[in-house]
Every structure is written in C-alpha cells, then in structure tokens.
Amino acid sequence: MKYLVMVQGAQADYDAMNGRASEQSPAWSEQELRAMFAYMNAINDDLAESGELIDAQGLVEPARTRFVTADADGRPVVTDGPYGETKEVLAGYWVLDCANLERVTEIAARVAQCPQPAGAPVYPVVIRPVDESGGGDLGGGELG
Amino acid sequence: MLRLHAPQVLGALVRRYGHFDTAEDAVQEALLAAAGQWPREGVPANPRGWLIRVASRRLTDALRSEEARARREETARRLEPREPRAAPADDDTLTLLFLCCDPVLPPAARIALTLRAVGGLTTAEIARAFLVPEATVAQRISRAKAKLRAAGADRPFHPPGPQDRDARLASVLQVLYLVFNEGYTATSGPALHRADLAREAIRLTRAVRRLLPHEGTVTGLLALMLLTEARSAARTGPDGELIPLDEQDRTRWDRAAIAEGTALVEEALAEGPPGPYQLQAAIAALHDEATGPDTTDWPQILALYDVLLTTTPDDPMAALGRVVALAMVEGPEAGLAALTALEPRLPHSHRLPAVRAHLLERTGALSAAADAYRTAARATDSLPERRYLQMRAARLDP
Chain L
1 MKYLVMVQGA
11 QADYDAMNGR
21 ASEQSPAWSE
31 QELRAMFAYM
41 NAINDDLAES
51 GELIDAQGLV
61 EPARTRFVTA
71 DADGRPVVTD
81 GPYGETKEVL
91 AGYWVLDCAN
101 LERVTEIAAR
111 VAQCPQPAGA
121 PVYPVVIRPV
131 DESGGGDLGG
141 GELG
Chain Z
1 MLRLHAPQVL
11 GALVRRYGHF
21 DTAEDAVQEA
31 LLAAAGQWPR
41 EGVPANPRGW
51 LIRVASRRLT
61 DALRSEEARA
71 RREETARRLE
81 PREPRAAPAD
91 DDTLTLLFLC
101 CDPVLPPAAR
111 IALTLRAVGG
121 LTTAEIARAF
131 LVPEATVAQR
141 ISRAKAKLRA
151 AGADRPFHPP
161 GPQDRDARLA
171 SVLQVLYLVF
181 NEGYTATSGP
191 ALHRADLARE
201 AIRLTRAVRR
211 LLPHEGTVTG
221 LLALMLLTEA
231 RSAARTGPDG
241 ELIPLDEQDR
251 TRWDRAAIAE
261 GTALVEEALA
271 EGPPGPYQLQ
281 AAIAALHDEA
291 TGPDTTDWPQ
301 ILALYDVLLT
311 TTPDDPMAAL
321 GRVVALAMVE
331 GPEAGLAALT
341 ALEPRLPHSH
351 RLPAVRAHLL
361 ERTGALSAAA
371 DAYRTAARAT
381 DSLPERRYLQ
391 MRAARLDP
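Below, the structure written as structure tokens:
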C-alpha cells in the first residue's frame with residue numbers, strides 16, 4: 001500500500017529555523033538544527049534501506065508560494081505568497097510503500113519525535129493512503 | 001558488463017543497417033535476452049558477437065515487417081547481407097555520441113539518448129538519476145529517435161565532416177559536462193545514483209579522449225571532472241551537510257585522481273589556446289594542489305579567472321568565482337565592492353548572498369553576515385546547501 005506522509009509548518013517556523021524568533025517559535029541554534037537534520041537523515045536512510053521510500057521532499061518556505069488561477073480568457077493570474085504568519089501548510093512529505101497502516105503509523109510516530117527547540121509548536125504528522133484504484137477510470141466508471 | 005557492450009553492439013548494427021531508432025530497440029531487446037539467458041546458461045565465448053547476432057536478427061525482423069507494410073524497395077536493398085567493415089569498435093562509440101548529441105535535439109533529449117545508447121543505462125536508471133518519471137524519459141528517448149529519423153540524421157552512419165565536427169564535439173562535451181554536474185551537485189534525492197552519474201560521465205569522457213587524444217577541450221574536460229570528483233569524499237559531512245572548500249579535510253581527497261587530472265591539465269594547456277574547460281580545470285588543479293586555503297596560489301587563480309572571463313564574458317558564475325579569488329588576493333572589502341557590481345547579473349541566485357556572507361564574516365560584520373547567510377538559505381532549493389547556510393547563520397548568533 002502507498003501512503004502520503006505529511007509534515008506541516010508555518011512561515012513562522014521557517015523563520016525560526018532561519019534564526020528569526022516569534023511568539024510561536026523560538027529561534028533554532030546550530031546544535032538544534034544539526035540534531036534535526038541528523039534525525040531526519042537517519043529516517044530517510046532507514047526508509048531507503050527497507051525499500052519503503054518512493055519519494056521524500058522538503059518544501060521551501062511558504063513565502064515563496066505562488067497561486068495561479070485563470071482569467072476568463074484562460075490567461076494565468078498569478079498571486080504570490082506569503083501565507084499569514086500562523087497558518088500552517090505542507091512543509092514536506094514522504095511517499096512510502098508500506099505493508100500496512102500499522103507500519104506507516106510507526107514511521108509517522110518516529111517522525112513526530114524529531115528533536116526541536118523547547119517551546120516550538122507541535123503539529124501532527126498526517127497520513128493519507130494513496131488511491132491506487134486508478135483515477136483514470138473515475139470519469140467513465142464510478143461517476144459516469 | 002552488458003552496459004560496456006551496448007554502444008559497440010548498437011554501433012555495429014547502425015553502421016551495417018542504418019535505422020538508428022529501430023536498431024536501438026533491437027539492442028535493448030538483445031540486452032534483455034542476455035540478462036535472462038546468460039545467468040542460466042553461462043556467458044557465451046564471444047559475448048559481443050552473440051549480442052550483435054541476436055540484435056541483428058531482431059532488427060532485420062523488425063525492418064522486414066515494416067517493409068512489408070510500407071513495401072519499400074529501398075529497405076529491401078539495405079537488408080542484403082554485407083560483410084561488416086573491419087573498423088575499430090571505438091569509432092562506433094564516437095559516431096554514436098555525435099549522433100545522440102545532434103544539435104537538432106533539445107539538451108534533455110541529447111542527455112537521455114546518450115546515457116541510454118552510449119552509456120547503456122536503462123530508462124529506469126536515467127529516470128532515477130534525474131528524478132523524473134520513467135515515462136518521461138521513455139517519451140523523451142522515443143521523440144528524440146523520431147526526430148533523428150525525420151531529419152535523416154541517422155544515415156549514412158559515419159563521423160560528421162570537418163565543418164560539422166567542431167559544433168558536434170562542443171555539443172557532445174556539453175552533454176557530458178551536464179551529466180557530470182547533475183551527478184556532482186546532488187541537489188536532492190538519493191545521493192548514490194548521482195555519484196553513479198558523475199562516474200558515468202567520466203567513463204564516457206575517457207572514451208572520447210581515447211578517440212581524440214590530442215583535442216585540448218576533451219583533455220581539459222576530463223581533467224576538470226577528475227579534479228572536481230577528487231574532492232567528493234570530503235565535500236559532505238556525516239549528516240549530509242555541505243562542507244565548503246576551505247574547510248574540507250584535504251587528506252580525504254583522491255590523490256591519484258588529482259595527479260592524473262593535473263597531468264592532463266598540463267597536456268591540455270600545451271595543446272593550443274585554452275578554452276573554458278581547460279581554464280576551469282587549471283583553476284581546479286591549483287585548488288587541489290594546495291595543502292590549505294593559506295597555501296593556495298590565489299593570484300594565479302585570479303589571473304586564470306580573468307582569462308576565463310575573456311572567453312566566456314557572460315558567465316556570471318565565472319564572475320562570482322573571480323570575486324572570491326579577488327577577495328583572497330586583495331581582501332574581503334575589495335571582494336564586497338566587486339560583488340555589488342555583479343548583483344544585477346545574478347538577481348535570484350543564492351550563491352551571491354552566500355559569497356557576500358562569507359566575505360562579511362571575514363570583515364567581522366557578523367550580524368550582517370548572518371543576515372546574508374539567511375537570505376542565501378531562503379533562496380536555494382538545494383537541501384544540503386540550505387542546511388549548510390542555516391547552520392552558518394546560527395553559528396554567528398550570540
């Protein structure tokens with residue numbers, strides 16, 4: 001079974017990692033950054049070793065977000081970020097191929113224990129099973 | 001071992017029959033057959049001959065059925081058995097490279113086709129190395145082959161004439177350089193495959209050099225790759241973070257690669273007016289020969305950057321490298337002044353604020369340096385680089 005495992009964060013958390021503290025997030029020290037990188041690398045190495053890792057990416061700060069809609073003529077209308085300071089968004093994800101939901105829950109719990117500075121906000125790690133039934137049939141099949 | 005035979009088998013087929021696109025499919029089928037059969041039945045006495053025989057059969061079958069459909073007399077004539085010419089197999093490798101790097105193809109297609117046809121990598125391996133879906137690579141390759149066929153580029157199969165040769169060689173070297181950089185920079189994804197890519201680029205560049213031993217640009221590119229790759233073990237720390245040149249543990253550099261690269265640089269510089277590859281290799285050699293940043297010959301490096309910028313005046317990365325050298329020769333203030341002049345040419349690069357941060361740190365302006373490190377960290381999409389810059393900034397905080 002394939003699962004999307006997501007971690008969340010707000011612009012304030014990215015700023016904190018870049019040394020700018022706010023009410024929600026104390027600034028990270030070099031030692032704290034180092035501990036977090038090492039912890040996450042170890043998880044990724046283990047998942048690559050076990051063959052469960054399909055893809056994993058960290059996303060850049062929410063302030064570099066771009067929103068795209070289309071106007072009446074189909075031309076792109078672009079709005080740049082940033083998100084509000086406190087709104088949490090997707091910060092990174094793993095696509096994993098695991099035996100079952102118990103196993104991926106175990107991995108998510110390990111991610112949730114990643115070291116961070118005292119007082120930093122705690123976000124839940126989110127698991128979403130990937131729909132592997134074949135989205136291409138939706139239009140003609142289930143919905144049609 | 002199969003990978004080593006792939007270009008020679010493909011070259012033999014294309015030389016004999018033409019039809020690069022169909023021949024390439026036939027070789028892939030023969031390689032698959034070998035991968036299934038050899039482990040069970042043992043490797044044949046003449047593996048390359050076996051592969052050529054099997055692939056030829058597949059190719060003639062494919063062309064016959066195509067011919068039956070299209071009823072092309074031309075194809076029938078082409079299928080008359082001909083004695084293979086006794087040409088050295090390596091010639092085919094070079095001709096294949098020239099074919100795959102045809103300037104009518106977009107660079108991404110040239111890279112994919114080269115890695116598959118000459119490097120012998122599978123579509124899946126190429127996809128993994130470039131972090132794109134396998135279907136994208138497959139499509140890129142099949143479009144590239146169709147385009148070559150439409151342009152009539154795959155026949156006759158012989159090395160290009162003198163007028164095309166330099167342009168084609170430049171394209172070949174650019175492809176190899178891009179493959180190497182993709183492997184060396186390791187921007188994201190599992191590092192292992194990227195290291196493979198750098199090694200593959202070196203292997204192919206060695207092959208080109210065997211065929212064109214007195215071509216300064218080829219020698220220079222090989223030297224540049226070896227001298228850069230020689231530092232790879234010292235380039236990242238235990239947590240995968242980036243370690244800059246001046247802090248690397250130089251005992252972990254590959255001395256044999258440095259010796260080979262340095263000898264090649266000397267040879268390349270003797271072979272005529274130096275181009276960008278030779279000059280970059282010469283700069284890399286000066287870094288590699290020094291025991292540390294203090295014993296590096298910065299005036300010489302600065303002089304080489306000045307020459308490099310006369311050959312590639314529009315290369316902002318070369319201009320940035322010159323700023324670093326200038327700061328080492330004349331001091332960080334001179335570097336900072338030169339950096340400001342460069343700013344309009346590199347508005348979005350994270351490297352410029354990163355260099356600024358290092359120079360500010362050296363002048364003692366620690367708070368401004370931390371800000372510049374953070375500006376650079378926000379601007380890079382590379383995780384190892386972002387981590388390195390964040391840690392540098394955090395280190396400067398009181």
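Top to bottom, those sequences are chains L and Z.
For what it's worth, the UniProt record's numbering labels the leading residue of the first sequence as 1, then goes sequentially.
For what it's worth, the UniProt record's numbering labels the leading residue of the second sequence as 1, then goes sequentially.
Glycine included, C-beta positions come from ideal geometry on N, C-alpha and C.
Since this is a predicted model, take the numbers as computed values, not measurements.
Same chain only: Cβ atoms within 6 Å of residue i, ignoring 5 sequence neighbours per side
| i | result |
| --- | --- |
| Z/A283 | According to the sequence displayed, residue 283 of chain Z carries Ile and not Ala. Result list for Z/I283: I301, L304, in chain order. |
| Z/A151 | V104 |
| Z/A86 | Reliability of the predicted coordinates at Z/A86 is poor, the pLDDT of 43 falling under 50, and no value is obtained from them. |
| Z/V329 | W298, P299, L302 |
| Z/P332 | L359, R362, T363 |
| Z/P88 | Summary for Z/P88: the model assigns pLDDT 48, below 50, so the residue's position carries little reliability, and this model does not support an answer. |
| Z/F180 | A198, A201, M225 |
| L/V111 | V125 |
| L/Y14 | E61 |
| L/M17 | W28 |
Beta-carbon proximity of residue i to residue j, cut-off 9 Å
| i | j | result |
| --- | --- | --- |
| Z/T236 | Z/Y277 | no |
| Z/P107 | Z/L222 | no |
| L/T69 | L/P76 | yes |
| Z/G220 | Z/Q174 | no |
| Z/A338 | Z/A327 | yes |
| L/A38 | L/Y93 | no |
| L/E32 | L/P129 | no |
| Z/W253 | Z/A285 | no |
| L/R64 | L/T79 | no |
| L/I127 | L/M40 | no |
| L/L4 | L/L53 | no |
| Z/E215 | Z/L169 | yes |
| L/S50 | L/P121 | no |
Contact list for residue i against chain L, beta-carbon separation under 7 Å
| i | result |
| --- | --- |
| Z/L383 | G58 |
| Z/E241 | F37 |
| Z/R374 | N18, G19 |
Close Cβ partners of residue i (< 8 Å) along its chain, the five nearest in sequence each way excluded
| i | result |
| --- | --- |
| Z/A109 | R140, I141, R143, A144, K147 |
| Z/A379 | H348, S349, H350, P353 |
| Z/P84 | Confidence in Z/P84 is poor, its pLDDT being 42 and thus under 50, which makes the residue's placement unreliable; the coordinate value appears in the next sentence. The answer, listed in chain order, is A12, R15, R16. |
| Z/L309 | D315, A318, A319, R322 |
| L/E132 | M1, K2 |
Cβ shell of residue i (< 7 Å), same chain only, five flanking positions each side left out
| i | result |
| --- | --- |
| Z/P190 | Model confidence at Z/P190 stands at a pLDDT of 47, short of 50, so the residue's coordinates are unreliable; what they give is reported in the following sentence. Contacts found: none. |
| Z/L10 | A23, E24, V27, L96, A117 |
| Z/L366 | L396 |
| L/R20 | A27 |
| Z/A377 | R386, L389, Q390, A393 |
| Z/A368 | L360 |
| Z/A33 | V54 |
| Z/A6 | V27, L31, G120 |
Contacts that residue i makes with chain Z (C-beta to C-beta distance below 9 Å)
| i | result |
| --- | --- |
| L/N100 | Simply none; closest approach about 25 Å. |
| L/W28 | Q390, A394 |
Within chain L, the residues that residue i reaches when beta carbons sit closer than 8 Å
| i | result |
| --- | --- |
| Z/R387 | L33, F37 |
| Z/A370 | G19 |
Integer-rounded CB distance, given that residue j should sit under 8 Å from residue i
| i | j | result |
| --- | --- | --- |
| Z/L227 | Z/D288 | 5 Å |
| L/V59 | L/L101 | Reading off the sequence, residue 59 of chain L comes out as Leu, not Val. About 25 Å; that fails the 8 Å criterion. |
| Z/R356 | Z/L383 | With 8 Å as the limit, Z/R356 and Z/L383 do not qualify as a contact, their Cβ atoms being about 22 Å apart. |
| Z/R149 | Z/D21 | 5 Å |
| Z/T114 | Z/C101 | 6 Å |
Within chain Z, the residues that residue i reaches when beta carbons sit closer than 7 Å
| i | result |
| --- | --- |
| L/E61 | R378 |
Within chain Z, partners of residue i - CB distance below 8 Å
| i | result |
| --- | --- |
| L/Q17 | In the sequence under discussion, the amino acid at residue 17 of chain L is Met, which differs from the Gln named in the question. By Cβ distance, chain Z contributes Q390. |
Closer than 9 Å to chain A by CB, residue i
| i | result |
| --- | --- |
| L/R66 | The structure shown contains no chain A; its protein chains are L and Z. |
Residue i: contacting residues in chain L (beta-carbon distance under 9 Å)
| i | result |
| --- | --- |
| Z/D397 | G19, A27, S29, E30 |
Cβ-heavy atom distance, residue i to the ligand MG, below 8 Å
| i | result |
| --- | --- |
| Z/P344 | Only the bare structure without any ligand can be found here, which leaves the ligand MG out of the picture. |
Entirely within the UniProt domain "RNA polymerase sigma-70 region 2" (2-67) of chain Z and at least 3 residues each: give me those beta strand (DSSP E) ranges in chain order.
-> Taking only runs of at least 3 residues, no beta strand (DSSP E) segment lies wholly in the UniProt domain "RNA polymerase sigma-70 region 2" (2-67) of chain Z.
Length at least 4, wholly inside the segment 232-300 of chain Z: the alpha helix (DSSP H) runs in chain order = Correct list: 255-270, 276-289.
Inside the UniProt domain "YCII-related" (1-111) of chain L only - beta strand (DSSP E) runs reaching at least 3 residues | 2-9, 53-58, 66-70, 76-80, 89-97
Taking the runs of the alpha helix (DSSP H) that are 4 residues or longer, which of them lie wholly in the segment 123-183 of chain Z?
-> Here the runs fully enclosed are 123-130, 134-150.
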